[in-house]
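Visitor: I'd like to ask some things about the structure below.
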Amino acid sequence: ETGVTQSPTHLIKTRGQQVTLRCSSQSGHNTVSWYQQALGQGPQFIFQYYREEENGRGNFPPRFSGLQFPNYSSELNVNALELDDSALYLCASRDRVNEQFFGPGTRLTVL
Amino acid sequence: ILNVEQSPQSLHVQEGDSTNFTCSFPSSNFYALHWYRWETAKSPEALFVMTLNGDEKKKGRISATLNTKEGYSYLYIKGSQPEDSATYLCATNTNAGKSTFGDGTTLTVKP
Numbered sequence: 041e042t043g044v045t046q047s048p049t050h051l052i053k054t055r056g057q058q059v060t061l062r063c064s065s066q067s068g069h070n071t072v073s074w075y076q077q078a079l080g081q082g083p084q085f086i087f088q089y090y091r092e093e094e095n096g097r098g099n100f101p102p103r104f105s106g107l108q109f110p111n112y113s114s115e116l117n118v119n120a121l122e123l124d125d126s127a128l129y130l131c132a133s134r135d136r137v138n139e140q141f142f143g144p145g146t147r148l149t150v151l
Numbered sequence: 385i386l387n388v389e390q391s392p393q394s395l396h397v398q399e400g401d402s403t404n405f406t407c408s409f410p411s412s413n414f415y416a417l418h419w420y421r422w423e424t425a426k427s428p429e430a431l432f433v434m435t436l437n438g439d440e441k442k443k444g445r446i447s448a449t450l451n452t453k454e455g456y457s458y459l460y461i462k463g464s465q466p467e468d469s470a471t472y473l474c475a476t477n478t479n480a481g482k483s484t485f486g487d488g489t490t491l492t493v494k495p
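Keeping their order, the protein sequence lines are chains G and P. The first sequence begins at 41 in my numbering and counts up by one. The second sequence begins at 385 in my numbering and counts up by one.
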């Protein structure tokens, strides 16, 4: 059973650019959630996907969007990057039991 | 309580001490509470998922309790060891799938 993986590990972008982060869920998990974690704070919930449809969203603007694919891998897309988007982005997958398994995260720096 | 709040923010104990942290959360729309351990440079690791008022869970020297009516959970570590040093996060889920994390308690155990 493979764990949750994320790519890339680190990424540097400039303000105004667009970025796509990727996540491969743990085998058998059909729900994936994305979080933004700023230094010194807990992870902030961005959104959740279940069977390829968004079914929960936190307080993030529409320029944060996502996709979940039939194999349950997923993407987080952020358009028009702002300096405050610099953070660690975590994805987590879970099954019906509700226990979440996190990936190692992608560290995004916006200059 | 409008958000998930954790206290203390940080804690320094000696090896062998027992310690506990608090997680406070809104009791409305409660569905589940999670505790995670997050070691530096690793992914958050799920410790417990609790759903029922009065739930108590235990894993080795770590245990947790849940009071959904008053909106709090305690995490206890008995006989702390240096390898217990980490940030401990709690998070609640609503039945709509939205997760809300606290900012964590950072534990440092000195040998």
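Ideal placement from N, C-alpha and C gives every residue a C-beta, glycine not left out. Note that the structure is a prediction, hence the values are computed from the model and not measured.
Looking at chain G, is there any beta carbon in it that lies within less than 8 Å of the beta carbon of P/Asn404?
Guide: No, P/Asn404 lies away from the interface with chain G (no Cβ there is under 8 Å from its Cβ).
Visitor: DSSP on G/Glu122, reduced to helix/strand/coil?
Guide: If DSSP states are grouped into helix, strand and coil, G/Glu122 belongs with coil.
Visitor: From the beta carbon of P/Ser408, is the nearest beta carbon of chain G less than 8 Å away?
Guide: It does not: the Cβ of P/Ser408 has no partner Cβ on chain G nearer than 8 Å.
Visitor: Sort P/Thr476, P/Asp487, P/Ile461 by Cα distance to P/Asp401 and report the nearest one.
Guide: The shortest Cα separation from P/Asp401 among P/Thr476, P/Asp487, P/Ile461 belongs to P/Ile461.
Visitor: Checking contacts by CB at 8 Å: is P/Lys482 closer than that to chain G?
Guide: Closer than 8 Å: yes.
Visitor: Indicate whether G/Gln84 and G/Tyr75 have their beta-carbon atoms separated by less than 8 Å.
Guide: Cβ distance < 8 Å, so G/Gln84 and G/Tyr75 count as in contact.
Visitor: Quick one: does G/Asn138 have its CB under 8 Å from some CB of chain P?
Guide: True, the Cβ-Cβ gap to chain P drops below 8 Å.
Visitor: At what residue ranges does the stretch 66–144 of chain G contain a whole run of the beta strand (DSSP E), taking only runs of 3 or more?
Guide: Taking only runs of at least 3 residues, the beta strand (DSSP E) segments lying wholly in the stretch 66–144 of chain G are 71–77, 84–90, 93–97, 104–108, 114–118, 127–134, 140–142.
Visitor: Nearest CA to the CA of G/Ile71: which residue from G/Asn111, G/Leu51, G/Glu122, G/Gln58?
Guide: First, the amino acid is wrong: residue 71 of chain G is Thr here, not Ile. Residue G/Asn111 is the option with its Cα nearest to G/Thr71.
Visitor: First and last residue of the beta strand (DSSP E) that includes P/Tyr420?
Guide: Unbroken beta strand (DSSP E) run through P/Tyr420: 416–422.
Visitor: Can you give me the C-alpha to C-alpha distance between G/Asn95 and G/Ile86, rounded to a whole angstrom?
Guide: Each residue's alpha carbon lies about 11 Å from the other.
Visitor: Helix, strand or coil, according to DSSP, for P/Glu429 in the structure here?
Guide: DSSP places P/Glu429 in strand when its eight states are reduced to three.
Visitor: Please name the residue, chosen from G/Val150, G/Thr146, G/Pro101, that lies closest to G/Ser64 on a Cα-to-Cα basis.
Guide: Cα-wise, what sits closest to G/Ser64 is G/Thr146.
Visitor: For the structure I just gave you, are there three or more beta carbon pairs, one from the stretch 115–134 of chain G and one from the stretch 406–414 of chain P, closer than 8 Å?
Guide: The stretch 115–134 of chain G, when compared against the stretch 406–414 of chain P, does not touch it at the 8 Å Cβ threshold.
Visitor: Can you name the start and end residues of the beta strand (DSSP E) that P/Ser483 belongs to?
Guide: Taken as a continuous stretch (DSSP letters only), the beta strand (DSSP E) holding P/Ser483 covers 483–485.
Visitor: If you draw a straight line from the alpha carbon of G/Gln20 to that of G/Glu92, how long is it in whole angstroms?
Guide: Not covered by the structure: residue 20 of chain G. The range shown for chain G is 41 to 151.
Visitor: For P/Ala470, which residues from the same chain have a beta carbon less than 7 Å from its beta carbon, with the 5 sequence-adjacent residues on both sides left out?
Guide: Counting only Cβ-Cβ distances below 7 Å, and skipping sequence neighbours, we find Arg421, Trp422, Glu423, Leu491.
Visitor: Is the Cβ of P/Leu436 closer than 8 Å to any Cβ of chain G?
Guide: Cβ-Cβ to chain G under 8 Å: no for P/Leu436.
Visitor: Per DSSP, what kind of secondary structure is P/Glu399 in: helix, strand or coil?
Guide: Looking at P/Glu399 - three-state DSSP - the assignment turns out to be coil, as it is neither helix nor strand.
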